[in-house]
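Under the working numbering, think of the first position of the sequence shown as 1331, with each following residue one higher. Where a beta carbon is used, it is the ideal one built from N, C-alpha and C, also for glycine. Written below as C-alpha cells is the structure these notes are about.
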Amino acid sequence: MKVDLGDLNAFVVVARAKGFRDGARASGSSASALSEAVRRLEAQLGVRLFNRTTRSVVPTEAGEGLLARLSPALSEMESALDVVNGFRDRPAGTLRLNVPVSAARLVLGSIVPPFLAAYPDIQLEVLTEDSFVDVIAAGCDAGIRYDERLEQDMIAVPIGPRVQRFATVASSAYLDQHGRPKHPRELLDHACLRGRFSSGSMPPWEFERNGEVLRIDPTGPLIVQAGGGADLAVEAAIAGSGIFYLFEDWLRPHLDSGALEAVLEPWWPRFSGPFLYYPGRRLVPAPLRAFIDFIKVSAGHR
C-alpha cells in the first residue's frame, strides 16, 4: 500500500497537538488542509484514526498504534535531512520556540535581530505561552523556561541575564496618599494589583531579606492574566490604582523615568535567569544548533 508521506506527517502533527487548529498553528499549515490529509489517510487505510468531537480530537486505538510506530521513523527522516543541512554554508529551515511572555520581552529582544541577521536562511517562529506546555506536543523545537519549571529529561542552556529580581512598585501619588510600606506584611493593608496564570493559579508575592523569606497574598482592585496582562497592570500602577509586583527589568524604564517608585526594595528577591531547553536526542536540528551556538557566543561576549 502506497501512502502519501505528507498525509502521514499531517496525522502525526494533529495527534501530537491533540487538535487540528493547534496542529495547524504548530505546523504552519491550515486546519482544513490537515483535516483533508487525515481524511485521505483514513480512507486509504480503511480505519478511523481519530475520535472527533466539537471539543477534542483523540486518537483511536488504531491511531495510537500508528503514532507509536511513525514517530521514531519521522524523527529519523528529520535527522537524515538535517545531516544534509549540515553541509550547507548557512543553516536553513524553521526554528520554533515556545516561550513565556516575559522571556519574549526581556530576553529575546536583544538576541533575535542579530541572530536573524547572522542566519538569513532560518525562519524563527516564537509562540508565547503563560502556562507550561510540552514543547514537543506543541510542535516546537525548544522552549525557554526558568529553572524551577524545567523537566528533568531536557537539556538546558543558559540564555539571557543570569540573575534577575522581582520588584514591587507604585506611583508616588499612591504612596503619598496611602503610605510607604516598610515591611512586606504591610501590603495586606494596601491595594495590590495581582496576576493570575491561565491555569487559574495566582502565585503569592515572595520577598527575601537576610535569609528571611516571606510569601504574601495581598488583595486589590485588579487581577490580570500573568504575562499578557502585565502592561495593563503597569499602566494602572502608574495611574495610582495600587502596588504591583513584576520583573525588575520589565519595570525598569518606568522606575528610571520616575513614573513608578520602588517599594520594599531591600526585600526584592533574586532568582536565576532563564534557560533554553530542548529534548536530548542524537542529532539537534541545524536551525536549533545554530541558535544554541549563537546564544553561547553572545553570552561569552557579555
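In whole angstroms, give me the CA-to-CA distance for residue i and residue j.
i	j	result
R1524	L1371	48 Å
D1519	G1490	36 Å
F1624	P1450	14 Å
W1598	I1546	13 Å
S1531	Q1374	45 Å
P1402	R1619	20 Å
I1622	A1521	43 Å
H1508	L1552	17 Å
Y1476	D1561	21 Å
R1435	N1428	13 Å
A1448	K1626	14 Å
G1550	E1542	25 Å
V1554	G1395	42 Å
P1533	V1437	22 Å
R1355	G1439	22 Å
S1359	L1338	14 Å
T1384	G1558	27 Å
W1535	N1381	43 Å
Should residue i and residue j be called a contact, given that it needs their Cβ atoms to be closer than 8 Å?
i	j	result
A1367	F1350	no
L1400	P1389	no
K1348	V1377	no
P1443	P1617	no
F1577	F1527	no
V1343	G1353	yes
A1563	F1574	yes
P1488	F1605	yes
A1433	I1485	no
P1583	D1471	no
L1364	A1340	yes
A1567	S1501	yes
Using CA atoms only, rank isn't needed, just tell me which of the options is closest to residue i.
i	options	result
L1544	E1516, L1397, E1455, S1386	E1516
P1548	G1572, R1539, A1556, A1560	G1572
S1529	G1541, K1512, H1508, A1556	A1556
P1430	T1458, F1537, A1616	T1458
P1596	A1566, N1540, V1437, L1552	N1540
Q1494	I1474, S1502, R1510, W1580	W1580
V1333	D1352, R1510, R1369	R1369
G1469	C1522, N1381, V1627, P1609	P1609
E1565	G1423, L1590, I1546, G1550	L1590
A1569	Y1476, G1395, R1435, L1505	L1505
R1600	L1427, T1383, F1537	F1537
H1513	D1561, L1594, R1346, G1603	L1594
A1345	L1379, T1384, S1359	L1379
Rounded to the nearest angstrom, how far is the Cβ of residue i from that of residue j, given a contact under 8 Å?
i	j	result
V1499	L1585	7 Å
L1454	L1425	5 Å
S1628	I1441	7 Å
R1492	S1602	7 Å
Handout entry: Contiguous beta strand (DSSP E) assignments of at least 3 residues, all confined to the segment 1474-1528
Key = 1484-1488, 1493-1500, 1522-1526
Problem - Completely contained alpha helix (DSSP H) runs for the segment 1578-1621, where each covers 4 or more residues - result: 1578-1587
Problem - Uninterrupted beta strand (DSSP E) stretches inside the segment 1424-1466 (no shorter than 3 residues) - result: 1452-1458
Handout entry: Complete runs of the alpha helix (DSSP H) confined to the segment 1346-1383 [at least 4 residues]
Key = 1350-1357, 1361-1375
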